[in-house]
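Protein chains in written order, with the working numbering: chain W, 417 to 519; chain P, 417 to 519; chain L, 417 to 519; chain Y, 46 to 373; chain F, 46 to 373; chain D, 46 to 373.
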Ligand SMILES: Nc1ncnc2c1ncn2[C@@H]1O[C@H](COP(=O)(O)O)[C@@H](O)[C@H]1O
Ligand SMILES: Nc1ncnc2c1ncn2[C@@H]1O[C@H](COP(=O)(O)O)[C@@H](O)[C@H]1O
Ligand SMILES: Nc1ncnc2c1ncn2[C@@H]1O[C@H](COP(=O)(O)O)[C@@H](O)[C@H]1O
Ligand code: NA
Ligand code: NA
Ligand code: NA
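Now the structure itself:
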């Protein structure tokens, strides 16, 4: 089938920053994203897990955006402004999508 | 280690359509898939979130299939038949897998 | 923005093996990973779903590691040692990351 | 008690106030939320409890001839109400045929939480009702969906010829809420007072408190829905969200009087006819009429008609039922 | 009361009927489901409550000499039963050594929900039992796993030499269910009747109702398992799923009589020996014997033996325990 | 009763013992865990119940002049305590300005579970307290955050000039816990004894049992935190985690005596001043001071001060409150 080149950006970020990130994405005119839950993880700030977490402060989420290649830089700038001071990981992959008019 | 080329297909789809999609995948002889929960998202039909959702109707899931490159088209046809009228996103990435005989 | 080449390794594995896998990753000096919940799936051992699961035995998780390309082999060896006898899928994708010094 | 007193008393019941708290928290953009799993757990509890209590009551009082008649009346209403709703919508709003049909389906079907809230008002007021009304509620969930699909097919829209595959019919008839409601009802009939004695402390005592927590969540969800879709609900649509339950209630009252239900039974029949589904029907619409905009039907059912019924509708229907049946 | 009456009465208890409702809903492919988090929360409640009640009962009646003896008997049974199960399976089925050993491990261990259901039948019937039976239940969870691994090692299969790493032993002995059960038992012993008075309204009153909701979920899970693996369970295996609990119960009865337990104690010992694990053992098998097919052992334990014990086994064991102890 | 007896009695209450069970299970690396959704559901229940009960009590006894005064005192304490905490930390530890300020914010704010545990000790002991103390608790959540950000700004660190965007202030003031606590309090005031009668079986009877289950989870979380960060907590920090609540309690007592609260009120004011937030403040710190290490403040608040207050602090504060007020 006919597919079109796009970029898949995956941003792992603290749950408390989710609203601010998605607001920044909307300001950068990113048209769509999907938020996935995270059960736990490990990084420079140590190991954590969602089980029995009583505080909102400790969780993370993954925000996935699929965008046209030419819009990547605007998205990364928007995300980076927020992520600079915060923990989190940004990972960009080449991908192909159906129905390119949606992105 | 020895790895083998494959395709990673990620289909974001409404939860009410999950059964129909996986049935279509099985008919297209896709041998395996993994279903991930989605917490929320945004697209042309607006923002939504799982928190406090009382209705089955509003959630989405991500279905990930890793397949041999030559089987990609069959999978996309199967998925597209279903997705045509429904909201959702299909994203295909090149990948490498261990144990190719499993796919 | 300036990005750097990296590898995204996605390991789908039984929940009971999660601790053993992450311990092996730590022994292989993998500096970070993220664990995602899985709702269900299908493979050679049949279809399963998390809903109403009363036993820890039947669930799976996805462990995502983003690493520098040169560290890929060490990671795959570490994961493979564990996965050999167990069900599960390993999928490696090329990606680009911001802030390469974190990996 | 007159209708104003009833309304005032209803307004300051903890259940309504927790719903209002949820609404307000959502409007104020508080991050208060009930986890999805907990909300689903609470709704399982409410379905199990209301079904079981209905069954026990039937086992105690026996099934009078009314059961079959009332179920038939309910099914007829569920088929009929979408046609009325559709006609009203075509006059009162600018919705497309598909959107109007999708909305209409919701109003033919029922909201079990509105039913639960109404029956707890009856219980608090000491007014008896036919235990089999929960079976009627279950029977009214699905027929409206068929009417709506027929409306679309008639207008030549939405490929509805292939919409109702056999899978969808099974999903609708065996959706979790119906199965649990009917199953718990059957178990109540079988085990009777003896079964009730065993699980009363779980089923009866905490019921109203759990309803409060659930209505808090409903308020949060309804409020978030309203906030995200402001602008979507034109005055005509909002008016429909109030006129339609009143029309439904009137038809429900007529049917219930014909059958000769008790005061409580008449009131519950009005509530069933007046309320709009927000569980079974939205899911069915996503499958069968994906082109219909879910924001329209969910916001209308959950954001307008549900609060209206909960806060004003229930005391109105009760007062009317008491008047027409001469009940106290 | 004779055994048939008991069975009939058991059959129409709400708990059993909700289990049957879950089974039926799963067979009919309804989408009724209990969220994973809620199911886990319910099982935490049941473990906490049954452990605490056992502890309070011990603190009230004191520990008689039987405690140590009964725990030893339980541990011996847990080691022994897998050998019997393995022998039966080699005769009755065509399972491989590894699959047979994995199944055998489940039958040496215990199902705490079966135990909970049995003890609530005793409580309803007004039959006392030794409070420390919950400690016996905890002690019987793990030994069977070692027997099964030994069976595999003996046959030279499955690399079981390296299977039981120290991590696995710790996981088995400190698995959440055992820790909560034993911990709540200890807290019950320490705080006694005074502690019970404080939390009775949470621990005792809603217990049976919560058990109903939990059994609904068990029915759904068991039913889905059976549906997905139809064809896998040959007649020989199904027969094993019924013969093995009866054999276990017989051995359990013998051991309990030797120790001189009360009627209720004898019955619970039978239930422990007859029931098959579906929590601790499956997890351990996935780690230690990943080559064994989980569909076989889960379906057999949860889909055949659990329903058998719940519906028929419990009244049978109770009737037998009453006969052999002369209890009323 | 003297302080030792009180401490001993507190120690063997089921609630404390379940907390200890959780701690021990985490230290032993058991996989026992409470699903996140269930833990959140339990905390919603506790907030709803404690807020509602406070409101009903106010509606019964009327608001005396103390309400406004006590809220003002609470707010002043919440602003003040971080300054004291910060000064102590600069002396007792080697934390950076940012880490010290972040920790300080937690100690100016309050822990609602400590408050719940303390008020249930009062209820069990039959000691009355001002129902409006829950409103005071809500009022004390946020001010401390501003003090801490001011401390950082003064030291020129952390870009705190831009830290408190309007979004953050709204999030802090309208965080879910505060909204539910205050909302349930208001509903309690409005519906009064009549509302209580309707939902008492849900709000009052199972309260202590649910607190036990919640404290089990708190023990698990605190224990896991302590285990993962061993080495991080130097002796000076641990000492701070004990000295600070005692200092806070002293100030709280002074304020409460000035206002003239009852014995129970004095004790709860001490508890509020002594306890450290682990919900609202950590979230705010992640947004406003992301450079501060969450492991430090979470471990200190949840792993040191929370257990100290729960096990030793509460009986100490109660004994002191009884002494200074001459209460029985
Ligand atoms: N290399 C990585 N691969 C995948 N996820 C990561 C990686 N590094 C960090 N993370 C995720 O980001 C979170 C915070 O990372 P850090 O800021 O390094 O503590 C971790 O808990 C992980 O969930
Ligand atoms: N560009 C995108 N990237 C990632 N997810 C998307 C994107 N567009 C849509 N989605 C997901 O698909 C759902 C439906 O999209 P839509 O049909 O555009 O409303 C959204 O709620 C998102 O979860
Ligand atoms: N081709 C695949 N693509 C995505 N996920 C897979 C695939 N094969 C297996 N899985 C996942 O791995 C689990 C175990 O696979 P299996 O060992 O084949 O039974 C499945 O339940 C899926 O969640
Ligand atoms: Na209706
Ligand atoms: Na057994
Ligand atoms: Na404080």
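Beta carbons: idealized from backbone N, C-alpha and C, even for Gly. As the structure is a prediction and not an experimental result, all values here were calculated from the model.
Beta-carbon of residue i versus every beta-carbon of chain F: anything under 8 angstroms?
| i | result |
| --- | --- |
| residue 348 (chain D) | no |
| residue 224 (chain Y) | yes |
| residue 73 (chain D) | yes |
| residue 462 (chain L) | yes |
| residue 238 (chain Y) | no |
| residue 83 (chain D) | yes |
Going by the beta-carbon positions, is the gap between residue i and residue j smaller than 8 angstroms?
| i | j | result |
| --- | --- | --- |
| residue 354 (chain D) | residue 299 (chain D) | no |
| residue 289 (chain D) | residue 344 (chain D) | no |
| residue 428 (chain W) | residue 509 (chain L) | no |
| residue 455 (chain W) | residue 466 (chain W) | yes |
| residue 236 (chain F) | residue 133 (chain D) | no |
| residue 306 (chain D) | residue 96 (chain D) | no |
| residue 121 (chain F) | residue 197 (chain F) | no |
| residue 253 (chain D) | residue 243 (chain F) | yes |
| residue 233 (chain D) | residue 99 (chain D) | yes |
| residue 444 (chain L) | residue 494 (chain L) | yes |
| residue 278 (chain Y) | residue 182 (chain Y) | no |
| residue 172 (chain F) | residue 308 (chain F) | yes |
| residue 301 (chain Y) | residue 311 (chain Y) | yes |
Are any of the Cβ atoms in chain D nearer than 8 angstroms to that of residue i?
| i | result |
| --- | --- |
| residue 430 (chain W) | yes |
| residue 420 (chain W) | no |
| residue 96 (chain F) | no |
| residue 434 (chain W) | no |
Please tell me whether residue i has its Cβ less than 8 angstroms away from any Cβ of chain Y.
| i | result |
| --- | --- |
| residue 55 (chain F) | no |
| residue 219 (chain D) | yes |
| residue 292 (chain F) | no |
| residue 78 (chain F) | yes |
I'd like to know whether the C-beta of residue i is nearer than 8 angstroms to at least one C-beta of chain L.
| i | result |
| --- | --- |
| residue 205 (chain F) | Caution is warranted here: a pLDDT of 46 is assigned to residue 205 (chain F), below 50, making its placement in the model unreliable, and no coordinate value can be reported. |
| residue 456 (chain W) | yes |
| residue 424 (chain P) | yes |
Closer than 8 angstroms, CB to CB, is residue i near chain W or not?
| i | result |
| --- | --- |
| residue 459 (chain P) | yes |
| residue 273 (chain D) | yes |
| residue 449 (chain P) | no |
Taking its Cβ as the centre, do 16 or more other Cβ atoms sit within 10 Å of residue i, making it buried, or is it exposed?
| i | result |
| --- | --- |
| residue 499 (chain L) | buried |
| residue 438 (chain W) | buried |
| residue 262 (chain Y) | buried |
| residue 211 (chain F) | exposed |
Could you tell me whether any Cβ in chain P is nearer than 8 angstroms to the Cβ of residue i?
| i | result |
| --- | --- |
| residue 507 (chain L) | yes |
| residue 472 (chain W) | Residue confidence for residue 472 (chain W) is low, a pLDDT of 49 falling below 50, so the modelled location carries little weight; the figure read from the coordinates is stated next. It does not: the Cβ of residue 472 (chain W) has no partner Cβ on chain P nearer than 8 angstroms. |
- Environment of ligand 2 in chain order, Cβ to heavy atom below 7 angstroms: Residues with their Cβ less than 7 angstroms from any non-hydrogen atom of ligand 2, running along the chain, are W:447, W:448, W:449, W:450, W:480, W:481, W:482, W:483, W:518, W:519, P:428, P:454, P:457, P:458, P:459, P:460, P:461, P:462, P:464, P:476, P:503, P:504 and P:505.
- Message: At 4 residues or longer, what runs of the alpha helix (DSSP H) sit wholly inside the stretch 239-318 of chain D?
- Response: Counting only runs of 4 or more, we get 252-273 and 280-304.
- Run through the stretch 191-233 of chain Y for me and flag every whole beta strand (DSSP E) of 3 or more residues, listed as ranges in chain order. Runs found: none.
- Query: What are the uninterrupted segments assigned as alpha helix (DSSP H) that are 4 or more residues long and contained completely in the stretch 79-119 of chain D, given in chain order?
  - Reply: Counting only runs of 4 or more, we get 81-106.
- Task: Please go through the stretch 125-187 of chain F and give each complete beta strand (DSSP E) segment of 3 or more residues, from N-terminal end onward.
- Result: Entirely contained in the stretch 125-187 of chain F, not one beta strand (DSSP E) run reaches 3 residues.
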